[in-house]
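Please read the structure below before turning to the comments.
Residue numbers (the numbering used here), protein chains in the order written: chain V, 32 to 164; chain G, 469 to 567.
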């Protein structure tokens, strides 16, 4: 797993990032597994989103290398908002209803304070639904 | 038991215990726990991750390998790529939720 952009140093990330090393390892594994079994590009953003949050998340999807085949999970803990955005081709394999079900699982975990667990669960659920048969 | 021993057991030892517990609690404050609590301010650096396939089959990420960014507006990776613009024209899907 690596960041989409590189702006701050590793030390700063380690000090100020929201996840522990163990959580990062779980997240990394979930991202790689999701990518491998679906051949889509899964991406996770955790931080504030400009209003309107949906439009901001859609713009962020465009900044990924293959937006049409990508899935962005954007989580804003301060706003308590979760946005799952699927690209045009990814959408054919991952319906909006399936995304909504994953979103409900994720927000249930977030309400209990488990950010990393909710994201990992959501990634697994989305990847299973979009899995190549 | 002499007066000095009484002072040691009844005053000095409890005081040392209280100071040690306080120091441990102060060292492990809310930022050190890295735990998100709904309703509390979340002031961590924004992070945005994708899978790193170059890392190899047996590799795994560590905290040092990850970095954050300041805001979505600073991202420029594929904004002008060949597929840019094709996904925003009503073709994106997904879901929104709140908690």
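Note that the Cβ used here is the ideal one computed from N, Cα and C, for glycine as well. Model, not experiment: these values are computed from the prediction.
Can you check which of these residues, V/69, V/77 and V/136, is closest to residue 517 of chain G by C-alpha distance?
V/77
Taking three-plus beta-carbon pairs below 8 Å as touching, is the stretch 480–493 of chain G in contact with the stretch 86–99 of chain V?
no
What three-state label does DSSP hand residue 566 of chain G in the structure shown?
Residue 566 of chain G falls in the strand class under three-state DSSP.
Quick one: does residue 49 of chain V have its CB under 8 Å from some CB of chain G?
yes
Are there three or more Cβ pairs, one per stretch, closer than 8 Å when the stretch 59–71 of chain V is compared with the stretch 150–160 of chain V?
yes
What residues from the stretch 108–119 of chain V come within 7 Å of chain G, judged by C-beta to C-beta, listed N to C?
108, 109, 111, 112, 113, 114, 115, 116, 117, 118 and 119
Is DSSP giving residue 510 of chain G helix, strand or coil here?
coil
In three-state terms, what does DSSP make of residue 113 of chain V?
strand
Strictly under 8 Å for the Cβ-Cβ distance: is residue 69 of chain V near chain G by that measure?
no
May I ask which residues mark the beginning and end of the alpha helix (DSSP H) holding residue 50 of chain V?
Counting along the chain, residue 50 of chain V falls outside any alpha helix (DSSP H), and DSSP gives it neither H nor E.
Taking one C-beta from the stretch 470–480 of chain G and one from the stretch 115–125 of chain V each time, how about it: are there three or more such pairs within less than 8 Å?
No, they do not touch.
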